[in-house]
Amino acid sequence: MTTLAELAGAAREVQAAWNLRTTVAVAAFAVAALAPLVFATDRVADLATGLYLAAAATGLAFGVGVGGLPSLAQGAFVAVGAVTGTHLAGTSTLLPAIAGALAAAAAALAVALVCVRLPAAGFAAATWIVAWLVSLGLTSLGWFLGGTEGRVVPEGLSPAGHYELALALTALAALAFASLRRSPFGLRLAAARDREAAAAALGFPVRRLRVTAATLGALPAGAAGALAVQLAGIGDPAQYGPYLSFKLFAIVLIGGAAAPLGAAAGTIVLALLSVAADAIGSLENVASSRSHALLAAVLLLAVVSLGWNGLVRPGRQRGRPAAPLRLSEPPPAPLTAEALGKRYGEVVAADAVSFAVEPGTVTVLVGPNGSGKTSILRLLAGAVPPDAGRVQHGGVARTLQATATFGSLTAVEHLLAAGAARRRHGGLLRSLLQTPKARAEDAGAAAHARAVLARWELPADVPAAELPVAAQRVLMLLAAAATGAPILLVDEPTAGASPREAARAADVIRALRDAGHGLLVVEHNLDVVRTIADRVIALDAGRIVDTSA
Amino acid sequence: MRRLLPALALVAVCATACGSHHETSRGKPLLVVVNAPFSKTPYLGRTIANGVRLAVTQVDASGLRVGGEQYHLRVRTMDDALSPARAVANVRKAVADGAVAIVDDGTGVDASWRVAATRGVPICIVFDGGSSLVDPATRPNVFRIAPTDHGIAFRLAEYLVPKGLRIAILHDDSDYGQNGWDELRKAFSADPRSVVSEQTVPADALDLAPQILRARRARATALLVWGRPATIAAAITAARTARWQVPFFTPPTGADPFVRQQLADHPAWVDGLTFAAGRLTAEVGPRPFESFAQQYEHSFGVDKVGVKTRAGAEVTQPPETAMYAYDFTNLLAAALRSAASTDPGKVRQALEQVTVEGANGDDRSFNHVSHEGVVDDDIYFARFHDMTYAPVKDDPLSATLPTLAQTR
Chain H
872 MTTLAELAGA AREVQAAWNL RTTVAVAAFA VAALAPLVFA TDRVADLATG
922 LYLAAAATGL AFGVGVGGLP SLAQGAFVAV GAVTGTHLAG TSTLLPAIAG
972 ALAAAAAALA VALVCVRLPA AGFAAATWIV AWLVSLGLTS LGWFLGGTEG
1022 RVVPEGLSPA GHYELALALT ALAALAFASL RRSPFGLRLA AARDREAAAA
1072 ALGFPVRRLR VTAATLGALP AGAAGALAVQ LAGIGDPAQY GPYLSFKLFA
1122 IVLIGGAAAP LGAAAGTIVL ALLSVAADAI GSLENVASSR SHALLAAVLL
1172 LAVVSLGWNG LVRPGRQRGR PAAPLRLSEP PPAPLTAEAL GKRYGEVVAA
1222 DAVSFAVEPG TVTVLVGPNG SGKTSILRLL AGAVPPDAGR VQHGGVARTL
1272 QATATFGSLT AVEHLLAAGA ARRRHGGLLR SLLQTPKARA EDAGAAAHAR
1322 AVLARWELPA DVPAAELPVA AQRVLMLLAA AATGAPILLV DEPTAGASPR
1372 EAARAADVIR ALRDAGHGLL VVEHNLDVVR TIADRVIALD AGRIVDTSA
Chain R
232 MRRLLPALAL VAVCATACGS HHETSRGKPL LVVVNAPFSK TPYLGRTIAN
282 GVRLAVTQVD ASGLRVGGEQ YHLRVRTMDD ALSPARAVAN VRKAVADGAV
332 AIVDDGTGVD ASWRVAATRG VPICIVFDGG SSLVDPATRP NVFRIAPTDH
382 GIAFRLAEYL VPKGLRIAIL HDDSDYGQNG WDELRKAFSA DPRSVVSEQT
432 VPADALDLAP QILRARRARA TALLVWGRPA TIAAAITAAR TARWQVPFFT
482 PPTGADPFVR QQLADHPAWV DGLTFAAGRL TAEVGPRPFE SFAQQYEHSF
532 GVDKVGVKTR AGAEVTQPPE TAMYAYDFTN LLAAALRSAA STDPGKVRQA
582 LEQVTVEGAN GDDRSFNHVS HEGVVDDDIY FARFHDMTYA PVKDDPLSAT
632 LPTLAQTR
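Chains as they are written, first to last, in the numbering used here: chain H, 872 to 1420; chain R, 232 to 639.
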């Protein structure tokens, strides 16, 4: 009975969230499912191959669009799936696909662990090298796919069967993309993509999020590789050269990396391009395989140079009406710093600094530029290790000196991302499966976040980049509080603000103090200091020179 | 609108009339697909397609009546780019488009025969000599008109072992190279001491100096290189650059124009290169092949190698692979007539019954126990001198063969 009620509830939610975009997508998939009734076997096989490509590209799009990981090794992960699929072919249809997906995910995990610390350009270059290495390995080591001769796999599903399977895999990959993108995991990942330092300051595990995203993105690639090799009837190393990775990347950029159906749209564009390439090739007597690569490269160049965001843009998720859910708060805990010391060469940033910040109080650090205020915040947050002394706390969140919001996330998404660590049912698997508890918690958390934003008159559904600077600073204060950390480290919340904006920021700080947070604020504006401070600590050359209540 | 309708009807009638006239003059079309590596080894792809086209022109000119109906053959080329997966996809498309036969270089046939077999479409290999490719019992729709690797390897062993040479074998890691090595291993198993070194080299390697050095250190007195033309050219370059005047022996790829093009700056390096291939001339003499070559040149022009002899004459390439493709297409036409049906399955069965005179004057045929159109005994040896080749004189079969004209 409970299950039926939950299903009915889920159906109502789907109905409520239904829009034109959903109608078009569902209609397109429904029509697409009928293709085997219309087209000849060879055309159905071509379409199935294209759909497997779309599924692999959807996995890549998640990494590129949500995680900001420009991987050029997705073709290599397809190849890993193909190798696994080739060796397990004949057992069943789905077992090789599952094994291929897991093998590709394991390979992606290994690559990500090594490459994820690199900047975007370095990540792209490193993964491109991986694509080459895998290609060379497949060609030179016959065990994988039989060398240049290929490895024949036993007959399995018909092309029509593969087509339906490929369509289902593509749809599943797109649904998983959509679920994960708006999950706590996806929001934190997107935040880290937009501004890594700010995400780290809020306590997001940036590296782990990226490694997970890269690993998840390889799952559909591996499954697609394993199934495509069954469709082709032969594992052929020539199919898994670096061009495949380039092609998948082109598909993602052309179709739109941030939308679940962007990769499918990109695949259609590239397929149309292939038809054009064949026509041009036949006219000019050029091998069509060469003109395919040429046209894809020209199109990608155009997309990149014009800064185009792709054919399909992500739609905004509408909030589901629900009672605000206040997430569990950690117990109040003070922050204590004991004899902290830090040097940068000859410069002393902190010299035997000791103080405590109690919950429900505001402590303000003042001092001239270069006196060590921000350095002490960084030491307290654990962003840099101290040379001496120790720090104890029950959890801190920090806001940065610069205005540092996550530009593509809305205000409500900021608070949801920040509160992700406090969610009980917001884990990866629950989010992926959209379990009733996860959905209920999603809705409750969103309602609570909207209520908080409404209190401070911040628009909930506007991307943060479009908010005024002062509003962005308030938003980051609220995001820091949403992490649930008992101690908030706030760096110059009123820098560049007008008197009215500064007064508003001070209101927020006092409200957070009244809510039980302990705040350590670096501030230059003495008017603001007077209105918020319970205690003032004056610093000079890294030393505490005065403390006043 | 009322005025437009009669005009549209008139256009439609004219179009129908034109279409029916087209069909009555040439008959219904029957599709023959050429699945070959046009982008990767253009010479091979082009010659196979040209051989088929020449035969098709002649078959259509003489009329193709099948079961009381008039037909004409239509040729479609598909590029497999030496990729097995693409070759399979091409065959799937050819079968779906109703091809009556597929002429293939052999790439991916291990998997594509199954796709073609679903409708009984015959595949004829005209280049790849891999032993496992053709087996009438398990792959009834696969035929071959080309020298087999087995035949070439055994003839090479038969030719080289009595000379007392210490042979170093180099083969590349392409399917052609791997299959060749498999057959060479069997062929030299009777006298394994004659092989002093065996190495696998990457098919796309540009510098084979280390491998050549290793062969030299094994005190080899002959190099047998089995691989793609690029591998052979690279091996010769590495040996001659090291001033090692070792004799080279190769399978038919040694005669590929690419080898001479690569070595065009050093014509002397090509001198002495000996290759094994299916003989182009028949017992009746060179006249039938020369006649075929003239027809080929008339239709497609001379296949220029792109190099010249020392006297400045342009070197041309005899259309060997084209001959095999030509012969199969004629066999196909004969099978269509014999089967009195265009059903691929019946045509396949008829292919085992019919015989035609090949381009070189030999009879070409298959039967239910052998789908090989070139017998192993027909392998001969030729040696290059001054960028052209001539049959060797120290092999009984080769010594009886005439030298074909290869210059203009």
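Glycine included, every Cβ here is placed at the ideal spot set by N, Cα and C.
Chain R residues whose Cβ lies nearer than 7 Å to that of residue i
i         : result
H/Val1023 : Asp341 and Ala342
H/Ala911  : Ala327
Pairwise C-alpha distance: residue j and residue i
i         : j         : result
H/Phe994  : H/Asp1405 : 47 Å
R/Asn281  : H/Gly1088 : 47 Å
R/Arg305  : H/Trp1014 : 40 Å
H/Ala1049 : H/Ala976  : 19 Å
H/Leu1098 : R/Ala449  : 47 Å
H/Leu1410 : H/Ala1221 : 9 Å
R/Ala613  : R/Phe506  : 6 Å
H/Arg1275 : H/Gly1106 : A quick correction: the sequence has Ala, not Arg, at residue 1275 of chain H. Roughly 49 Å separates the two Cα atoms.
H/Leu1143 : H/Gly1181 : 16 Å
R/Gly339  : R/Pro367  : 17 Å
R/Ala418  : R/His381  : 8 Å
H/Ala1368 : H/Arg1326 : 20 Å
R/Gly372  : R/Gly576  : What sits at residue 372 of chain R in the sequence shown is Asn, not Gly. C-alpha separation (whole angstroms): 8 Å.
H/Gly956  : H/Ala968  : 6 Å
H/Leu1248 : H/Ser1419 : 19 Å
H/Arg1079 : H/Ile1122 : 27 Å
R/Pro622  : R/Phe479  : 15 Å
R/Asp341  : H/Arg1081 : 42 Å
R/Asp574  : R/Val331  : 7 Å
H/Asp1258 : H/Ser1246 : 12 Å
H/Val1262 : H/Pro1307 : 41 Å
R/Arg216  : R/Phe374  : This structure leaves residue 216 of chain R out entirely; chain R is present only between 232 and 639.
R/Thr247  : R/Val352  : For R/Thr247, the pLDDT reaches just 42, beneath the cut-off of 50, and the residue's location in the model is therefore unreliable, although a value from the coordinates is still provided. So the alpha carbons of these two residues sit roughly 31 Å apart.
Neighbouring residues, chain R, relative to residue i (Cβ below 9 Å)
i         : result
H/Ile1105 : Pro315, Ala316, Ala318, Val319, Gly339, Asp341, Ala342 and Ser343
H/Gly1109 : It should be pointed out that residue 1109 of chain H corresponds to Ala in this sequence rather than to Gly. Within chain R, the residues near H/Ala1109 are Ala312, Leu313, Ser314, Pro315, Ala316 and Arg317.
Cβ of residue i within 8 Å of any chain H Cβ
i        : result
R/Asp335 : no
R/Val287 : no
R/Val373 : no
R/Arg323 : yes
Within chain H, partners of residue i - CB distance below 8 Å
i        : result
R/Asp404 : Thr1010, Ser1011, Gly1013, Gly1018 and Thr1019
R/Lys535 : Going along chain H, no residue has its Cβ under 8 Å from R/Lys535, so there is no contact; the nearest lies around 18 Å.
R/Val346 : Gly1104
Status (buried if at least 16 other CB within 10 Å, exposed otherwise) for residue i
i         : result
R/Thr700  : Here chain R has residues from 232 to 639 only, and residue 700 of chain R is not among them.
H/Pro1055 : buried
H/Glu1020 : buried
H/Ser1242 : buried
R/Lys394  : exposed
H/His1388 : buried
R/His252  : Low per-residue confidence applies at R/His252: pLDDT is 40, beneath 50, and the placement is therefore not dependable, though the value from the model is reported in the following sentence. Exposed: under 16 other Cβ atoms inside 10 Å.
R/Ser363  : exposed
Chain-ordered chain H contacts of residue i [CB-CB under 7 Å]
i        : result
R/Pro641 : A question about residue 641 of chain R goes unanswered here, because the residues of chain R that appear run from 232 up to 639.
R/Pro433 : Ser1011
Minimum Cβ-Cβ distance from residue i to chain R less than 8 Å
i         : result
H/Ala1072 : no
H/Ala947  : no
H/Glu1425 : Only positions 872 to 1420 of chain H appear in this structure, which leaves residue 1425 of chain H out of reach.
Contacts of residue i in chain R (Cβ-Cβ under 8 Å)
i        : result
H/Ala916 : Ala320 and Arg323
Stretch pair the region 910-917 of chain H + the region 1026-1040 of chain H: three plus CB contacts closer than 8 Å: The region 910-917 of chain H vs the region 1026-1040 of chain H: in contact.
Kindly confirm or deny that the region 1334-1346 of chain H and the region 1266-1283 of chain H touch, where touching means at least three C-beta pairs closer than 8 Å. With the cut-off at 8 Å, the region 1334-1346 of chain H and the region 1266-1283 of chain H touch.
Could you tell me whether the region 446-462 of chain R touches the region 485-492 of chain R, using the rule of 3 or more Cβ pairs below 8 Å? Taking one beta carbon from each stretch, the region 446-462 of chain R and the region 485-492 of chain R have 3 or more pairs nearer than 8 Å; the two touch.
When Cβ atoms are compared, which residues of the region 397-430 of chain R fall closer than 7 Å to chain B? No chain B appears in this structure, whose protein chains are H and R.
Do the region 490-509 of chain R and the region 530-545 of chain R meet, that is, are 3 or more Cβ pairs less than 8 Å apart? Taking 8 Å as the limit for Cβ pairs, the verdict is that the region 530-545 of chain R does touch the region 490-509 of chain R.
Does the region 1283-1296 of chain H come within contact of the region 1058-1066 of chain H, defined as at least 3 CB pairs closer than 8 Å? Contact check between the region 1283-1296 of chain H and the region 1058-1066 of chain H: three or more CB pairs, one atom from each, fall below 8 Å, which counts as touching.
Decide yes or no for the touch test of the region 925-933 of chain H against the region 1113-1133 of chain H: beta carbon pairs closer than 8 Å, at least 3 of them. The region 925-933 of chain H, when compared against the region 1113-1133 of chain H, does touch it at the 8 Å Cβ threshold.
When the Cβ atoms of the region 1004-1013 of chain H are set against those of the region 931-950 of chain H, are three or more pairs found closer than 8 Å? Contact check between the region 1004-1013 of chain H and the region 931-950 of chain H: three or more CB pairs, one atom from each, fall below 8 Å, which counts as touching.
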